[in-house]
Amino acid sequence: MENIQNSVFKKRKITLNNEKLILYLSLFIVLFMIYRNSWLPGGLFWETKEIFIVLFFVVLLILLVLDFNKLFYYKISFKSEYYGIILLFLIGFFSVLINISDEFNSIYNIIRFIIFIFYLFLFFHYLPTIIQKNNLVFVSIVRFYSILGLLIGSIGIVMYILGYVPYDLYSFNTKYISIIIHPNYVSFLLTTTIVTTLFYLLDNTDKFNASKNIFYTASFIIQLISQLLTLSRGGIIGTSIGILFMSIFFFRGKIIIALPVIIIFIYYSISTIFQSKGSLSNFSRYLLLIPVYYMVLEKNVHTFFGFGVTNSFKAYNDYRINYGVLEQVNNPHNTILSIFIMFGIIFTICLLIFFIGLIFKGFVCSVRAKEKSNKLFYGFLTANTLALFSHGIFDSALIMPEYFNMQFFLICLGLLFIYTRGKNKFSYANDINDR
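Following this note's numbering, the numbering of the sequence shown begins with 301 at its first residue and continues without gaps.
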């Protein structure tokens, strides 16, 4: 396979072409999902099925501008490195066939399924492929999320200080919501942006001037304070894991000096939040596992192949009602269990093995990389993926296309898959003027 470092990563600006349009449309999807989950004028109106019609047209537009001649940067083969993807595809396809009558029984379900599949294609495959050909696309995405986190965090802190809560339906334990209606939604976004900002700062500390270093350091602190104010269990745990691993990848052996401080901070933050949430909130999360428990016990075809991408909501809700769980939710607030309900236990186990393999290879690549930028790149992909996945233990939004977390999570997974295979080595332009 061609050496990526010598042939692909050249210092060039992003040109006005189809790929740039696709990048903008992809980031638009993220921004629109934030708007859809906000209290801004018109935002809550889109918290209905109409959003999928809008997204359907966005998907059509993206399909129209795709250059299918350049769709696959690599020649498709059946080498061992593709076996995991092929196996997951086959199991997922079989799961869809089994549940096709329930999964495709409405326009809503059909459109949502198309959106879900297209997300996998666009964010796991196509955007990482574009990044592979033009590394400045990756820099643009990193800066986008970093600035987005600063804006969301700053607005949230100002609103919190002023005591302004325009939408308090979900503000049970905290009055921090920013422009997004639920503190848990804000928290999931911040888990991504905090780790991203830290990566961008560490990667450019010696290239930025003093004012830029101060700006991004302040941005990181503002976002971290905002995360603490959300009182999100998943957010604090996920962010702590992301920061911990980023620190390990950056400081290496020196991390031992700061490790006690980090552990104390994590322990204090988590214990404070669990106390603030109260025993009732913690207990209610455990109750949401009851329907899944009985799904496993039944050992029928759905146990092995799930209920479908969207039909899983109805299935979980039926089990929830049948077994006396009173909280009105349609998912177990756990990404792994939600995947199980969607695709079954076989797919879930295979996916976890695939995921753990990517994380392990990302860790190894970071350790073996010789250049600082490459160490941080692999370290960031590994740390951010772990942070989001850890957060997902407490929330199912990570695999729901109507939110704004699935997109970057898939991009990081896609990049790990590309750059931890064979001779693929990441190396990008280090000229700060190109950024």
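Just so it is clear, CB atoms sit at the ideal spot from N, CA and C, and this is done for glycine as well.
query = Which whole-angstrom value describes the C-beta separation of Pro428 and Ile711, a residue pair presumed to lie in contact below a C-beta threshold of 8 Å?
reply = Within the sequence shown, residue 428 is the residue found at index 128, counting from 1. Within the sequence shown, residue 711 is the residue found at index 411, counting from 1. About 6 Å separates the two Cβ atoms, so the contact holds.
ask   = Pro483 CB to nearest chain B CB: under 9 Å?
value = In the displayed structure, chain B is absent; only one protein chain is listed.
First through last residue of the alpha helix (DSSP H) which encompasses Asn674 = Residue 674 sits at position 374 when you count from the first residue of the sequence shown. Where Asn674 is concerned, the enclosing alpha helix (DSSP H) stretches over 672 to 692.
Residue interval of the alpha helix (DSSP H) (run including Glu598) = In the sequence shown, the residue the question calls residue 598 occupies position 298. Taken as a continuous stretch (DSSP letters only), the alpha helix (DSSP H) holding Glu598 covers 590 to 598.
ask   = Could you give the C-beta distance for Gly535 and Phe499, rounded to a whole number, given that I count them as a contact under 8 Å?
value = The residue labelled residue 535 in the question sits at position 235 within the sequence shown. The residue labelled residue 499 in the question sits at position 199 within the sequence shown. Gly535 to Phe499, Cβ: 18 Å. No contact.
message = Could you compute how far the alpha carbon of Ile386 sits from the alpha carbon of Gly463?
response = In the sequence shown, counting from the first residue as 1, residue 386 sits at position 86. In the sequence shown, counting from the first residue as 1, residue 463 sits at position 163. Each residue's Cα considered, the two are about 52 Å apart.
request  = Have a look at Phe709, Val609, Ser519, Ser673 and flag the residue whose alpha-carbon is nearest the alpha-carbon of Phe404.
outcome  = Here residue 404 is taken as the residue at index 104 of the sequence shown, counted from 1. Looking at the Cα atoms, Val609 is the closest of the given residues.
request  = Taking only runs that begin and end inside the segment 474 to 536, name each unbroken alpha helix (DSSP H) of 4 or more residues, in chain order.
outcome  = 483 to 504, 510 to 530
request  = Can you grab the Cα-Cα spacing for the pair Tyr374 / Arg585, in whole Å?
outcome  = Residue mapping note: residue 374 aligns to position 74 of the sequence shown, counting from 1. Residue mapping note: residue 585 aligns to position 285 of the sequence shown, counting from 1. Caution applies to Tyr374, whose pLDDT of 47 falls short of 50 and renders its modelled position unreliable; the value that the coordinates give is listed next. Spanning the two alpha carbons is a distance of roughly 44 Å.
task = Let me know if Ile548 comes out buried or exposed under the rule of 16 or more other beta-carbons within 10 Å of its beta-carbon.
result = Your numbering for residue 548 matches position 248 in the sequence shown. When all chains shown are included, Ile548 counts as buried.
ask   = Can you give the Cα-Cα distance for Ser540 and Pro591, rounded to whole angstroms?
value = As a first step, residue 540 must be located in the sequence shown, where it is residue number 240. As a first step, residue 591 must be located in the sequence shown, where it is residue number 291. Roughly 30 Å separates the two Cα atoms.
ask   = Since Gly449 contacts Thr493 with CB under 8 Å, what's their CB separation in whole angstroms?
value = As a first step, residue 449 must be located in the sequence shown, where it is residue number 149. As a first step, residue 493 must be located in the sequence shown, where it is residue number 193. Right, their Cβ atoms sit about 2 Å apart.
query = For the alpha helix (DSSP H) that Tyr324 lies in, which residues bound it at each end?
reply = For this step, residue 324 is matched to residue 24 along the sequence shown. Where Tyr324 is concerned, the enclosing alpha helix (DSSP H) stretches over 318 to 336.
request  = Locate the alpha helix (DSSP H) running through Phe663, then write down its first and last residues.
outcome  = The sequence position of residue 663 within the sequence shown is 363, counting from 1. Start and end: 645 to 668.
ask   = Using DSSP with H/G/I as helix, E/B as strand and the rest coil, what is His275?
value = Any answer about residue 275 is impossible in this case: the structure gives the chain only from 301 up to 735.
Span of the alpha helix (DSSP H) around Tyr419 = Taking the first residue of the sequence shown as 1, we reach residue 419 at position 119. Note, Tyr419: alpha helix (DSSP H), 407 to 419.
query = Can you tell me where the alpha helix (DSSP H) with Leu427 in it begins and where it stops?
reply = Reading the sequence shown from its first residue, position 127 is the one you call residue 427. Leu427 -> alpha helix (DSSP H) spans 427 to 433.
message = Tell me the DSSP secondary structure of Tyr623 in three-state form.
response = The residue you call residue 623 lines up with position 323 of the sequence shown. Three-state result, Tyr623: coil.
key: Element boundaries [alpha helix (DSSP H), containing Ile770]   = With the chain running from 301 to 735 in the structure shown, residue 770 is simply not present.
Where the alpha helix (DSSP H) through Arg443 begins and ends = Here residue 443 corresponds to residue number 143 of the sequence shown, with the count starting at 1. Its alpha helix (DSSP H) spans residues 436 to 462.
ask   = Closest to Thr635 by CA distance: which of Leu688, Leu340, Ala615 is it?
value = As a position in the sequence shown, residue 635 is number 335, starting the count at 1. For the residues Leu688, Leu340, Ala615, the minimum Cα distance to Thr635 belongs to Leu688.
ask   = Count the other CB atoms within 10 Å of the CB of Pro560; is the residue buried (16 or more) or exposed (fewer)?
value = As a working mapping, residue 560 is identified with position 260 in the sequence shown. Looking at its Cβ environment, which holds fewer than 16 other Cβ atoms inside 10 Å, Pro560 is exposed.
inquiry  = Across the segment 659 to 675 and the segment 407 to 425, are there enough close Cβ pairs to call them in contact, namely three or more that are closer than 8 Å?
reply    = no
query = If you check the beta carbons only, do Ser326 and Phe423 fall under 9 Å apart?
reply = Here residue 326 refers to the residue found at position 26 of the sequence shown. Here residue 423 refers to the residue found at position 123 of the sequence shown. Cβ distance < 9 Å, so Ser326 and Phe423 count as in contact.
task = Examine the Cβ distances between the segment 394 to 404 and the segment 592 to 612 and report whether three or more of them are shorter than 8 Å.
result = yes
query = Got a sec, what are the start and stop residues for the alpha helix (DSSP H) Gly608 sits in?
reply = The residue you call residue 608 lines up with position 308 of the sequence shown. Neither: Gly608 is in no alpha helix (DSSP H) and is coded neither H nor E.
key: Neighbourhood of Ile641 by C-beta distance below 8 Å, restricted to the same chain and skipping five residues each side   = The count along the sequence shown starts at 1 and reaches residue 641 at position 341. Val592, Met595, Gly606, Phe607, Ser612, Ala615, Tyr616, Asn631, Pro632, listed in sequence order.
task = Check the C-beta distance from Asp392 over to Phe709 and give it rounded, since I have them as a contact under 8 Å.
result = If you number the sequence shown from 1, residue 392 lands on position 92. If you number the sequence shown from 1, residue 709 lands on position 409. One detail in the question is off: residue 392 reads as Gly in this sequence, not Asp. Wrong, their Cβ atoms sit about 17 Å apart, outside the cutoff.
query = If you compare alpha carbons, which of Asn674, Ala683, Met700 is closest to Tyr719?
reply = Here residue 719 refers to the residue found at position 419 of the sequence shown. Closest option to Tyr719, Cα to Cα, is Asn674.
ask   = Hey, out of Tyr567, Thr648, Tyr485, whose CA is closest to Thr603's CA?
value = Residue mapping note: residue 603 aligns to position 303 of the sequence shown, counting from 1. Nearest of Tyr567, Thr648, Tyr485 to Thr603, Cα basis: Thr648.
task = Please list, in chain order, all residues of the same chain as Phe352 whose beta carbon is under 7 Å from its beta carbon, the five residues on each side excluded.
result = Taking the first residue of the sequence shown as position 1, residue 352 is located at position 52. Around Phe352: Tyr408, Ile411, Arg412, Ile415.
message = By the three-class DSSP mapping on this structure, what secondary structure does Gln628 have?
response = Along the sequence shown, one-based indexing puts residue 628 at 328. Gln628: coil per DSSP, three-state reduction.
task = Can you give me the Cβ contacts of Leu355 inside the same chain, cut-off strictly under 6 Å, excluding the 5 residues immediately before and after it?
result = The residue you call residue 355 lines up with position 55 of the sequence shown. Ile415.
request  = Count the other C-beta atoms from every protein chain shown that fall within 10 angstroms of the C-beta of Tyr426, then say buried if there are 16 or more, exposed otherwise.
outcome  = Position 126 of the sequence shown holds residue 426. Tyr426 is buried by the Cβ-count criterion.
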